[in-house]
Amino acid sequence: MKVLTFHAPGDVRIEDAPEPTPGPADVKIRVRACSTCGTDVKIYNHGHHHIVPPRVMGHEIAGEVVEVGADVTGWQAGDRVQVIAAIPCGRCGECTRGHMTVCSNQVSMGYHFDGGFAEYMVVPRNVLDVDGLNRIPDGVSYAEASVAEPLACVLNGQNLARVGDGDDVVVVGSGPIGCLHVRLARARGAKRVFLVDLNRERLDLAADLVRPDAAICGAETDVVDAVMKLTEGRGADVVITAAASGAAQEQALQMTARQGRISFFGGLPKDKPVVSVDSNIVHYRELTIVGANGSSPEHNKEALRLIASGAVPVADLITHRLPLADALDAFGIVARGEAIKVTIEP
Numbered sequence: 001m002k003v004l005t006f007h008a009p010g011d012v013r014i015e016d017a018p019e020p021t022p023g024p025a026d027v028k029i030r031v032r033a034c035s036t037c038g039t040d041v042k043i044y045n046h047g048h049h050h051i052v053p054p055r056v057m058g059h060e061i062a063g064e065v066v067e068v069g070a071d072v073t074g075w076q077a078g079d080r081v082q083v084i085a086a087i088p089c090g091r092c093g094e095c096t097r098g099h100m101t102v103c104s105n106q107v108s109m110g111y112h113f114d115g116g117f118a119e120y121m122v123v124p125r126n127v128l129d130v131d132g133l134n135r136i137p138d139g140v141s142y143a144e145a146s147v148a149e150p151l152a153c154v155l156n157g158q159n160l161a162r163v164g165d166g167d168d169v170v171v172v173g174s175g176p177i178g179c180l181h182v183r184l185a186r187a188r189g190a191k192r193v194f195l196v197d198l199n200r201e202r203l204d205l206a207a208d209l210v211r212p213d214a215a216i217c218g219a220e221t222d223v224v225d226a227v228m229k230l231t232e233g234r235g236a237d238v239v240i241t242a243a244a245s246g247a248a249q250e251q252a253l254q255m256t257a258r259q260g261r262i263s264f265f266g267g268l269p270k271d272k273p274v275v276s277v278d279s280n281i282v283h284y285r286e287l288t289i290v291g292a293n294g295s296s297p298e299h300n301k302e303a304l305r306l307i308a309s310g311a312v313p314v315a316d317l318i319t320h321r322l323p324l325a326d327a328l329d330a331f332g333i334v335a336r337g338e339a340i341k342v343t344i345e346p
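Just so you know, the sequence shown maps onto residues 1 to 346 in UniProt numbering.
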């Protein structure tokens, strides 16, 4: 079969590999869709400390069961499935407290296990042990189901930031994650959602799809001033920084309303992770700042339900579909900001 394998930073190859064989507690699937994200580009360029090469990449996975291990029950050939990316252990102190997104023993598809940029892959028992293999609802395509994983992460972030009825929400970053944040905020009852980006072309592409109440280009206007004017001087109830930008995190404090919530959703570069926070603003406005890291198996299930119900449409966010043979081109498309979501269909 064909696979996309990471060998070293800058050395990612489409190559032949033997079809995998599932163990007695595993499930083998025919991958039908595996979407790309900015993390894939980072891995391509810089590698990752959890990846020991060679490793088949890809973690936003949907496919069809083709073989079931002897000890596996409840699954059979032909079942349509979505696979979680971040795999908690289910046993540690965080997991038993219900904090699976920050499991200290977490492993991941495409990092510790071969991922979905392949014609076939094995879903390891680690996924099955935490109920992380999910049935794709009727009416949801494989490509849409592959977007359930990033939507699950967005769902976790908005739960932590308590996005809800009547909120004014600012989303900084108009990539696929930012677009999902806009749509989920609307589904949760937000009053208005404003989308911010430095790149006018990328902002316009996203805004044409998700239709925020205002699209603010940070290269052309003062973002804080624009948000304050749009909110009649009050500020936003929630600001979500869905971009790897320390400046955006610092600006978030300036445009958040009293008792508002700030989500540091996008991680910062490892060589520049420190930002300046005016603690008096946090103190006197009674602000809440939360992080957001990944998703749990339950978040993935809920994401599939949101897609199936139409509450959070995702099909139109998939702007590019490429065969596995062209998967390397996907990294360039994502890096240049020419797409919202690029899905590989092996």
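By construction, the Cβ of each residue, glycine as well, lies at the ideal position given by its N, Cα and C atoms.
Note that the coordinates shown come from a computational prediction; the quantities given were computed from them, not determined experimentally.
If the five residues before and after Arg234 are omitted, its C-beta is found closer than 6 Å to the C-beta atoms of Ala257, all from its own chain and listed in chain order.
Here Ser296 is buried: its Cβ has 16 or more other Cβ atoms, across all protein chains shown, within 10 Å. For Lys229, the three-state secondary structure derived from DSSP is helix. The bridge partners DSSP lists for Val196 are Val172, Ile216.
Residue nearest to Ala187 within the set Ala8, Val314, Val31 is Val314 (criterion: CA-CA distance). At least 8 Å separates the beta-carbon of Ala152 from that of Val169.
Taking a C-beta distance under 8 Å as the contact criterion, Phe194 and Val227 qualify as a contact pair. Bounds of the beta strand (DSSP E) holding Leu322 are 318-322. Within the same chain, Asn156, Asn293, Gly294, Ser295, Ser296 come within 7 Å of Thr101 by CB-CB distance, once the 5 residues on both sides are set aside. DSSP lists no beta-bridge partner residue for Asp167. Linking Arg91 to Ala85 through their CA atoms gives a straight-line distance of about 18 Å. Counting other Cβ atoms within 10 Å of its Cβ, Lys341 reaches 16 or more and is therefore classed as buried.
Assigned with DSSP and collapsed to three states, Ile177 falls in helix.
Beta-carbon to beta-carbon, Gly173 and Gly266 are separated by about 6 Å, close enough to satisfy the 8 Å threshold. Secondary-structure assignment with DSSP links Met121 through a beta bridge to Ile29. By the C-beta criterion, the stretch 326-336 is judged to be in contact with the stretch 32-49, since at least 3 inter-stretch pairs fall below 8 Å. Here the C-alpha atom of Gln106 lies approximately 30 Å from the C-alpha atom of Ala252. When secondary structure is reduced to three states using DSSP, Ser263 falls in the strand class. Bounds of any beta strand (DSSP E) do not take in Glu144; it lies within the alpha helix (DSSP H) bounded by 142-146.
Closest by C-alpha distance to Ala17, out of Val290, Ala161, Lys301, Ala118, is Ala118. As a beta-bridge residue in DSSP terms, Lys341 pairs with Ile318. Spanning the alpha carbons of Ile281 and Gly116 requires a straight line of approximately 44 Å.
Only residues of its own chain outside the window of five on either side were considered, and among them Leu151, Leu155, Leu184, Ala187, Val312 have a CB closer than 8 Å to the CB of Leu306, listed in chain order. Restricting attention to beta strand (DSSP E) runs no shorter than 3 residues, the stretch 46-97 encloses them at 60-68, 80-83, ordered along the chain. Within a 10 Å sphere around the beta-carbon of Thr36 sit 16 or more other beta-carbons, which makes this residue buried.
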